[in-house]
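Report on the following structure.
Residue numbers (the numbering used here), protein chains in the order written: chain A, 1 to 53; chain B, 1001 to 1315.
Set out below in structure tokens:
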């Protein structure tokens, strides 16, 4: 039981894998933001900039 | 001394979080995903209304992720079967790299996200079709038919046949006869494709208790059904040309490919024993993948080159 107290629940390997997953997730989220932004511009079309204010 | 072990009674492995990015990628069944994307692209290109290239890219991405979600959810539910079969025993869930709950969460997130993205950014009809396809594949095929009836892949094959229809809907915002013709081609192609695999992996399926046709009805009946479905498939591949979706290049191509497909199916029927029998099944299985790829590649090529259809467009 003493070992369970002292030993961290995740090994350095586990933590490295978690870090790589987090980086992948961050990249996917940035990609999604770009995807939604560009698609919005594409769907609006070029004429959106010409409207009277 | 306070015993903190009560706060963390399970070893780290049992808590999950051990899968690599690669494990999660495998969960998406990338090889199946590539065929799904390819047939969806063909449906998109064959559709009567052109789609903006960026929207086409977004739609294909959403369809790919949706297909991956279906793969992940399938691996979550079928982990017990996968562990018993040689072909699937090393998948991330039976291997213990990813916990079933993690696969479920991953699959659900991607399924909902991909259908919503396709609906919001491209077409709600396409998004709804993608959601229905994932639901059909998981609930109707994986949870119900697969473990219950030898007709599992006949009816369940519809899930794999929807992608060109989704691609078509992404371009046009609707479904018509041309899209249904592409659906029918994959629908009828699925049984001979999977039964060829089941014939040389029969032991695996029997061990896992999956009632594939060779396990339930026997190898002879499976061979007969392979020939029957092949004979039904080949005439159906002419439907896109008759509906004005495809032209002469496609028609000539599928005629030649159809003859080869039936020849391979008859070869499976004729060679029933030993290594020659196994070889014939493996050849049909391998050829069926190339066949489907080429049928849809012909549609894409015709539109890229600009070959006109010889029949008036219906649908």
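In this text, a Cβ means the ideal position worked out from N, Cα and C, and glycines have one as well.
{"query": "Looking at chain A, is there any beta carbon in it that lies within less than 8 Å of the beta carbon of residue 1021 of chain B?", "result": "yes"}
{"query": "Which residues does DSSP pair with residue 1096 of chain B in a beta bridge?", "result": "Answer by DSSP bridge pairing: none, since residue 1096 of chain B is not bridged."}
{"query": "Return the residue from the list B/1306, B/1296, B/1034 and B/1118 that minimises the CA-CA distance to residue 1183 of chain B.", "result": "B/1296"}
{"query": "When you check each C-beta in the region 10-31 of chain A against every C-beta of chain B, which residues fall closer than 8 Å?", "result": "10, 11, 14, 17, 18, 20, 21 and 24"}
{"query": "Does the separation of the CB atoms of residue 1018 of chain B and residue 14 of chain A fall below 8 Å?", "result": "yes"}
{"query": "Measuring alpha carbon to alpha carbon, tell me which residue in B/1277, B/1252 and B/1080 is nearest residue 1294 of chain B.", "result": "B/1252"}
{"query": "Quick check on residue 33 of chain A - is its C-beta less than 8 Å from some C-beta in chain B?", "result": "no"}
{"query": "Quick one: which residues of the region 1195-1219 of chain B get their C-beta closer than 8 Å to a C-beta of chain A? List them in chain order.", "result": "none"}
{"query": "Have a look at the DSSP bridge pairing and note the partners of residue 1309 of chain B.", "result": "B/1247"}
{"query": "Would you call the CB atoms of residue 1255 of chain B and residue 1247 of chain B closer than 8 Å?", "result": "no"}
{"query": "Got a sec? Which residues, its chain only, sit under 6 Å from residue 1079 of chain B by beta carbon, not counting five neighbours each side?", "result": "1093, 1094 and 1100"}
{"query": "Consider the Cβ of residue 1037 of chain B: report whether some Cβ of chain A lies at a distance smaller than 8 Å.", "result": "no"}
{"query": "Helix, strand or coil: which one does DSSP assign to residue 1025 of chain B?", "result": "helix"}
{"query": "Leaving out five residues on either side along the sequence, give the residues of the same chain with a beta carbon under 6 Å from the beta carbon of residue 1171 of chain B.", "result": "1044, 1047, 1049 and 1051"}
{"query": "Kindly confirm or deny that the region 1178-1195 of chain B and the region 1063-1076 of chain B touch, where touching means at least three C-beta pairs closer than 8 Å.", "result": "no"}
{"query": "To the nearest angstrom, how far is the alpha carbon of residue 1276 of chain B from that of residue 1140 of chain B?", "result": "35 Å"}
{"query": "Given this structure, state the Cα-to-Cα distance separating residue 45 of chain A from residue 1177 of chain B, to the nearest angstrom.", "result": "31 Å"}
{"query": "Is the CB of residue 1052 of chain B under 8 Å away from at least one CB in chain A?", "result": "yes"}
{"query": "Might you give, ordered along the chain, the residues of its own chain that have their beta carbon closer than 6 Å to the beta carbon of residue 989 of chain B, omitting 5 neighbours on each side?", "result": "No information on residue 989 of chain B is available, as it lies outside the stretch 1001 to 1315 that chain B covers here."}
{"query": "Does the count of Cβ pairs from the region 1056-1064 of chain B and the region 1109-1124 of chain B closer than 8 Å reach three?", "result": "yes"}
{"query": "Can you have a look at residue 1278 of chain B and say buried or exposed, based on whether 16 or more other CB atoms are within 10 angstroms of its CB?", "result": "exposed"}
{"query": "Check whether the region 1140-1150 of chain B and the region 1073-1087 of chain B are in contact - that is, three or more C-beta pairs closer than 8 Å.", "result": "yes"}
{"query": "Distance check for residue 1272 of chain B and residue 1191 of chain B, CA to CA, integer angstroms please.", "result": "18 Å"}
{"query": "With distances taken from CA atoms, which of B/1091, B/1157 and B/1057 is nearest residue 1030 of chain B?", "result": "B/1091"}
{"query": "How many angstroms separate the CA atom of residue 1133 of chain B from the CA atom of residue 1220 of chain B?", "result": "32 Å"}
{"query": "Does any CB atom of chain A fall closer than 8 Å to the CB of residue 1017 of chain B?", "result": "yes"}
{"query": "Could you tell me whether any Cβ in chain A is nearer than 8 Å to the Cβ of residue 1290 of chain B?", "result": "no"}
{"query": "Please compile the residues from chain A whose C-beta is within a distance smaller than 7 Å of the C-beta of residue 1058 of chain B.", "result": "35 and 39"}
{"query": "Might you give, ordered along the chain, the residues of its own chain that have their beta carbon closer than 7 Å to the beta carbon of residue 1002 of chain B, omitting 5 neighbours on each side?", "result": "Interpretation of residue 1002 of chain B is limited by its pLDDT of 47, a score under 50 that renders its predicted location unreliable; the figure taken from the coordinates is listed afterwards. So no residue of the chain qualifies."}
{"query": "Measuring only the C-alpha atoms, how far is residue 1216 of chain B from residue 43 of chain A?", "result": "53 Å"}
{"query": "How many Å lie between residue 1035 of chain B and residue 50 of chain A at the Cα?", "result": "42 Å"}
{"query": "Which residue comes first and which comes last in the alpha helix (DSSP H) that contains residue 1042 of chain B?", "result": "1030-1046"}
{"query": "What three-state label does DSSP hand residue 1076 of chain B in the structure shown?", "result": "helix"}
{"query": "I'd like to check one pair, residue 1073 of chain B with residue 1104 of chain B: are the Cβ atoms closer than 8 Å?", "result": "yes"}
{"query": "By the 10 Å Cβ neighbour count, where 16 or more other Cβ atoms means buried, how is residue 1107 of chain B classified, buried or exposed?", "result": "buried"}
{"query": "Looking at the structure shown, is residue 1142 of chain B part of a helix, part of a strand, or coil, going by DSSP?", "result": "helix"}
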